[in-house]
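K.L.:
Numbering (this note's numbering), first residue to last: 25 to 251.
Here it is, written out as structure tokens:
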């Protein structure tokens, strides 16, 4: 049986409220030995802490997602620093930049992204980065924090950008997208990225693999991403 780590899974989301324990057990029986749960907003942090405290196979991250930048406040940043001082976690995040249409203002996203990188750098914690149509800017900001490390989740950039990130001591995390035949760009990039720089994820309950298209994603399906 495999021994895999799901490096990015929103197991705290409401989609798992009715059967979270069963989902975790199914994942464990499928060879998923660890699951990393990222935070997307301040209100989620305590929920994530409680879920992770109940199972040693679950590990918490705390952060502020760019998608919700217009809901975040300056006080959230202050509280994040304080929260990290008082609670164990494996990384800061999910933070980053998302330049798709109808997303939050880019300058506002950048404000919260940069602030979280500064916190992670100060706390000597890795970061979990969300980068959509924004990999160039993400790389640029990372360079302002020498020694910072982490991962770019659900990677969608180019091979050349991946190598820049790897040189900056970042891992490239791949998910269900690479199981789709029409995902030519990321499949081509993934085929050339060094294996020791790759992480695997589900991003459950979102981004199901091709075999589960249209269904709720689960950490157990990480095996399909690997294969």
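Cβ atoms here follow ideal geometry from the backbone N, Cα and C, with glycine treated the same way.
The structure presented is a predicted model; accordingly, all values stated were derived computationally and were not measured.
Classify residue 104 as buried or exposed, calling it buried when 16 or more other Cβ atoms lie within 10 Å of its own Cβ.
P.N.:
Reading the chain shown from its first residue, position 80 is the one you call residue 104. So residue 104 ends up on the buried side.
K.L.:
Check the C-beta distance from residue 62 over to residue 118 and give it rounded, since I have them as a contact under 8 Å.
P.N.:
As a working note, residue 62 is residue 38 in the chain shown. As a working note, residue 118 is residue 94 in the chain shown. Contact holds; Cβ gap of about 4 Å.
K.L.:
Closer than 7 Å by C-beta to residue 36: which residues in its own chain qualify, once you throw out the five before and the five after it? Chain order, please.
P.N.:
Taking the chain shown and counting its residues from 1, the one referred to as residue 36 is at position 12. The answer, listed in chain order, is 61, 68, 71, 72, 75.
K.L.:
Would you tell me roughly how many angstroms separate the C-alpha atoms of residue 144 and residue 137, rounded to the nearest one?
P.N.:
Counting from one through the chain shown, the residue named residue 144 turns up at place 120. Counting from one through the chain shown, the residue named residue 137 turns up at place 113. Near 11 Å, if we compare the C-alpha coordinates of residue 137 and residue 144.
K.L.:
Taking one C-beta from the segment 83 to 102 and one from the segment 116 to 130 each time, how about it: are there three or more such pairs within less than 8 Å?
P.N.:
Yes: the two stretches touch, three or more of their Cβ pairs being nearer than 8 Å.
K.L.:
Mind checking which residues open and close the beta strand (DSSP E) that includes residue 175?
P.N.:
As a first step, residue 175 is located in the chain shown; it is residue number 151 there, counting from the start. Note, residue 175: beta strand (DSSP E), 174 to 177.
K.L.:
Please give me, in chain order, every unbroken run of the beta strand (DSSP E) with length at least 3 that falls completely inside the segment 157 to 244.
P.N.:
Listed in chain order, the complete beta strand (DSSP E) runs (minimum 3 residues) inside the segment 157 to 244 are 174 to 177, 194 to 198, 222 to 224.
K.L.:
Does DSSP put residue 68 in a helix, a strand or coil?
P.N.:
The sequence position of residue 68 within the chain shown is 44, counting from 1. Three-state DSSP puts residue 68 in a helix.
K.L.:
Is it buried or exposed for residue 203, if we count other Cβ within 10 angstroms and need 16 for buried?
P.N.:
The sequence position of residue 203 within the chain shown is 179, counting from 1. Buried, by the Cβ-count rule.
K.L.:
Looking at C-alpha atoms only, which residue of 212, 175, 243, 111 is the closest neighbour of residue 183?
P.N.:
Taking the first residue of the chain shown as 1, we reach residue 183 at position 159. Of the candidates 212, 175, 243, 111, the one whose C-alpha sits nearest the C-alpha of residue 183 is 212.
K.L.:
Would residue 45 be called buried (16 or more neighbouring beta carbons within 10 Å of its own) or exposed?
P.N.:
One-based indexing of the chain shown puts residue 45 at position 21. Residue 45 is exposed by the Cβ-count criterion.
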